[in-house]
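Counted the way this note's numbering counts, the sequence shown spans residues 143 to 333. Since the structure comes first, as structure tokens, the remarks are kept for the end.
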Amino acid sequence: LDEHFRSVPDIISFSNELFYDNALHIMTHDPRLHAEHEGRIWNRVDGKRHQKGHNEEEALFILNHLEEMIERESHWNERSCTSIGFLSPFRPQVDFLGKKVAERFSLSQIVRHSILVGMAYHFQGEERDIMYLSMAIDAASHHSAFRYLSKPDVLNVSVTRARSIQYLVTSFQLNDLKQDSLMYRYLEGIN
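In structure tokens form, the structure reads like this:
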């Protein structure tokens, strides 16, 4: 299959180039949209990875952002509501986010927005209008954690699940990554 119908061009372009040899025909290009429309937004927070493996600051940033969106859409028809996913490559962050979503939002809000929290493999075959990616690690994290972020299968699935907007949340800067890593290349392309 060489046609891509899921994501806006800004979201799929990196994977198309790197993993699919530019063979995908992106069918979501809409010339009516402003040429500067970006589907990827990188948010850097001053978070720290807890010794148990989660990053509370990244989770709170995401939850606060989500709360505003759910409030804004509270009077919308359910079929018009934005579907939302939370993805992290690390199980402790997924568990922490899942617990906080269940505490902060009602079951009807979770269902209304088709909220799914998981790791990359949870999202195989899944997509959401908006995806939040929480990397969970910080600049002081072990180098193996940074290497894991750049695993081709993990990165490709992680960055291609959003239809319209991907919010990437990190507690590290670009210069904390090795320049030859896939994650560096991915972040370097986000304005």
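By construction, the Cβ of each residue, glycine as well, lies at the ideal position given by its N, Cα and C atoms. Since this is a predicted model, take the numbers as computed values, not measurements.
Euclidean distance between Cα positions of residue i and residue j
i: Ile332; j: Gly267; result: 25 Å
i: Ser283; j: Glu199; result: 15 Å
i: His217; j: Val243; result: 20 Å
i: Met211; j: Ser250; result: 15 Å
i: Leu205; j: Asn219; result: 22 Å
i: Trp184; j: Leu329; result: 8 Å
i: His255; j: Gly181; result: 19 Å
i: Phe247; j: His264; result: 21 Å
Element boundaries [alpha helix (DSSP H), containing residue i]
i: Asp237; result: Arg233 to Arg246
i: His185; result: Per the sequence presented here, residue 185 reads as Asn, with His not at that position. Premise fails: Asn185 lies in the beta strand (DSSP E), Arg182 to Arg186, not in any alpha helix (DSSP H).
i: Leu275; result: Premise fails: Leu275 lies in the beta strand (DSSP E), Arg270 to Asp280, not in any alpha helix (DSSP H).
i: Glu204; result: A quick correction: the sequence has Ile, not Glu, at residue 204. Note, Ile204: alpha helix (DSSP H), Glu198 to Arg214.
i: His217; result: Note, His217: premise wrong, no alpha helix (DSSP H); not H, not E.
i: Ile252; result: Leu249 to Arg254
i: Phe288; result: His285 to Leu291
i: Leu329; result: Leu324 to Glu330
Residues near residue i in its chain [Cβ-Cβ closer than 6 Å; skip 5 each side]
i: Arg270; result: Ser225, Ile226 and Gly227
i: Tyr127; result: With the chain covering only 143 through 333, there is no way to say anything about residue 127.
i: Gly240; result: Val259
Residues bridged to residue i (per DSSP)
i: Ala304; result: Arg270
i: Thr224; result: Partner(s): none; Thr224 has no beta bridge.
i: Ser313; result: Asp280
i: Val259; result: Phe228
Residues near residue i in its chain [Cβ-Cβ closer than 7 Å; skip 5 each side]
i: Phe232; result: Gly195 and Ala278
i: Glu215; result: Cys223 and Thr224
Close beta carbons around residue i, own chain, < 8 Å, minus the five adjacent residues each side
i: Ser313; result: Arg186, Val187, Asp188, Gly189, Lys190, Arg191, Asn197, Glu199, Glu200, Met277, Ala278, Ile279, Asp280 and Ala281
i: Met261; result: Leu229, Ser230, Pro231, Phe232, Arg233 and Val236
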